[in-house]
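See below for the structure under consideration.
Spelled out as structure tokens, the structure:
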């Protein structure tokens, strides 16, 4: 089978990953972004948006489980969940593993991502079939401002904070998120790489700290996002004493478990170290 | 300044990283390998061996601290340490932070790596100046078979297990390592990526388990090694009850601390997950 290199073109990372792919299975532009699917021996199918890898069949579970299950296990009985972004459906799939969930609303601005995932990643998109799932294609920030629904968990599963996802990391957006959470609701959001984006992480954390009484930072070492030490910011509308899970793991997770949850929270020394290094060019110390 | 792409050529990874570098500062072949140094805005200087990144100025401390300090903090008062490989000097630098260390022996087969590090990475190579350091350029396995010295800690800081480093992951090699350890000595070794090399990790762990009574696996999310969720196998000549550190952190570590040490040990569920996925091509489940 002929092979060729797909090299990422990621304006938000100081490194690009390249993959020797067998073929391109799909390529289409929406009004928002360019969606492609490649086939790779090791990773299986790869979904890219604007030439940045969003998921691979092989390792997608790691990101989706960590984004969904850490906040969901901080709530004793979550009934309603909102996902902003996440058009591939992986986070939705994980949310629906919680038997208490009655309704999961997913708002992705781009219908093309959802269609592509249903067609090429049926095991990721499986949750779209659920009668508990409600899907709308619109601006997530607008939905949140206008909805009268209240949620136990709000998850931000966005692309990098450039392009369509830029409005999803402002202080106004976090205020709106807090306003649609139930009194002990949880908020979680992917916040990029500790290695590369500590300035962005600290900015998001500062904004969240003005809106929520409890705030945490956890991370997971993903294979296919540049900078791999991937961070998630979590916040709680009620004050929490610790970020340890409040109930047993739901079944059928592949990597999430109580030990993974506890170990994922980033020690202060690590945060300080990456804050000290910064996110700009390397400066040699004398 | 003109920029060009340096793309890794890594036969041991299913992905290559590429870096937009400012210039190549150095390129020379030894009898063993091809050593190069590049300059990069974000990562600072980058050392490559056979076109695989070995370290960058920006993030090298993460790997070196995790390889050295986890085993060294499992020993109440380490006096003698042996490093096999590690010609850049980063692991040696970290070993020498422990005030109990009286002698640190570093065996790297390739003098060119040491010379290059001294010239281009003086802050990494700083330990070579120490009167406690003894450096020999010879085959590490041969040194270990022939030495009459006994060590409290043996650290294997090797390149990927292809080429010169291939002999450093055999059962015979581990038997020799055990034979030169003091009765409560510790052994640690970098064992590649959990995402990509779980078959290799499991093989090393099986070999180590036949030689040592206690065996652990810890990991760190590095920025610039392909597969980033980087594993370290640790083994103790005396049976240990837990892998928690036995004393306080030495000063001046940048990222290592007791919490990082404890969180780094890989939960069984994670090991099982990556073992189940395997290290071969992706197989879609029905």
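Chains as they are written, first to last, in my numbering: chain X, 3 to 288; chain L, 3 to 288. Every residue gets a Cβ at the ideal spot worked out from N, C-alpha and C, and that includes glycine. Please read all numbers here as calculations on a predicted model, not as lab measurements.
query: Can you have a look at residue 247 (chain X) and say buried or exposed, based on whether 16 or more other CB atoms are within 10 angstroms of its CB?; result: buried
query: In whole angstroms, what separates the C-alpha of residue 61 (chain X) from that of residue 209 (chain L)?; result: 28 angstroms
query: Please state whether DSSP places residue 2 (chain X) in a helix, a strand or coil.; result: With chain X represented from 3 up to 288, any question about residue 2 (chain X) goes unanswered, as that position is not in the structure.
query: For the alpha helix (DSSP H) containing residue 59 (chain X), name the first residue and the last one.; result: Here residue 59 (chain X) belongs to no alpha helix (DSSP H), and DSSP marks it neither H nor E.
query: Counting C-beta neighbours from all protein chains within 10 Å, is the total for residue 42 (chain X) 16 or more, i.e. buried, or is it exposed?; result: buried
query: Could you check where the alpha helix (DSSP H) with residue 117 (chain X) kicks off and where it finishes?; result: 113-122
query: Excluding the 5 residues flanking residue 22 (chain X) on each side, which residues of the same chain have their C-beta closer than 7 angstroms to its C-beta?; result: 5 and 7
query: Quick one: list the residues of chain L neighbouring residue 197 (chain X), beta-carbon separation under 7 angstroms, in chain order.; result: 61 and 225
query: Could one say the Cβ of residue 261 (chain L) lies closer than 8 angstroms to chain X's Cβ atoms, at least one of them?; result: yes
query: Unbroken alpha helix (DSSP H) runs of length 4 or more, entirely within the stretch 131-168 of chain L: which are they?; result: 142-148
query: Quick check: residue 119 (chain L) and residue 53 (chain L), are their CB atoms within less than 8 angstroms of each other?; result: no
query: Starting from residue 41 (chain X) and walking both ways along the beta strand (DSSP E), at which residues does that stretch end?; result: 36-42
query: Leaving out five residues before and five after residue 45 (chain L) in sequence, what residues of the same chain have Cβ atoms less than 6 angstroms from its Cβ?; result: 58 and 60
query: For the stretch 30-60 of chain L, which residues have a beta carbon sitting closer than 9 angstroms to at least one beta carbon of chain X?; result: 42, 43, 44, 45, 46, 47, 58, 59 and 60
query: Would you mind reading off the limits of the alpha helix (DSSP H) that contains residue 277 (chain X)?; result: 270-279
query: Thinking just about the alpha-carbon of each residue, which of X:84, X:125 and X:77 is nearest to the one in residue 285 (chain L)?; result: X:125
query: Check whether the Cβ atoms of residue 213 (chain L) and residue 177 (chain L) sit closer than 8 angstroms, and answer yes or no.; result: yes
query: By the 10 Å Cβ neighbour count, where 16 or more other Cβ atoms means buried, how is residue 88 (chain X) classified, buried or exposed?; result: buried
query: So what does DSSP say about residue 190 (chain X), is it helix, strand or coil?; result: strand
query: Where residue 101 (chain L) and residue 140 (chain L) are concerned, what is the direct C-alpha to C-alpha distance, given to the nearest angstrom?; result: 27 angstroms
query: Helix, strand or coil: which one does DSSP assign to residue 93 (chain L)?; result: helix
query: Are residue 73 (chain X) and residue 224 (chain X) closer than 8 angstroms when you measure CB to CB?; result: no
query: In chain order, what residues of the same chain have a beta carbon less than 6 angstroms from the beta carbon of residue 91 (chain L), not counting five sequence neighbours either side?; result: 119, 126, 127, 129 and 130
query: Can you pull the chain L residues whose beta carbon is under 7 angstroms from the beta carbon of residue 129 (chain X), in chain order?; result: Those within 7 angstroms of residue 129 (chain X) in chain L number zero; the least Cβ separation is about 17 angstroms.
query: Residue 209 (chain L) lies in the alpha helix (DSSP H); which residues open and close that run?; result: 200-213
query: Residues of chain X with CB closer than 7 angstroms to the CB of residue 236 (chain L), please, in chain order.; result: Chain X residues near residue 236 (chain L): none, gap ~16 angstroms exceeds 7 angstroms.
query: Would residue 155 (chain X) and residue 182 (chain X) be called neighbours here (beta carbons separated by less than 8 angstroms)?; result: no
query: Could you check what DSSP says for residue 32 (chain X) in three-state terms: helix, strand or coil?; result: coil
query: Could you tell me whether the Cβ of residue 20 (chain X) comes closer than 8 angstroms to any Cβ of chain L?; result: yes
query: Under a CB-based cut-off of 8 angstroms, is residue 231 (chain X) close to chain L?; result: yes
query: Counting only beta-carbon atoms, is residue 17 (chain L) nearer than 8 angstroms to chain X?; result: yes
query: Label residue 71 (chain L) either buried or exposed according to how many other C-beta atoms from any shown protein chain fall within 10 Å of its C-beta, with 16 as the threshold for buried.; result: buried
query: Assuming contact is defined by CB atoms lying nearer than 8 angstroms, are residue 277 (chain X) and residue 200 (chain X) in contact in what I supplied?; result: yes
query: Under DSSP, the beta strand (DSSP E) around residue 8 (chain X) begins and ends at which residues?; result: 6-9
query: Give me the chain L residues within the contact set of residue 9 (chain X), using Cβ-Cβ distance strictly less than 7 angstroms, ordered along the chain.; result: 20
query: Quick one, are the C-beta atoms of residue 230 (chain L) and residue 265 (chain X) less than 8 angstroms apart?; result: no
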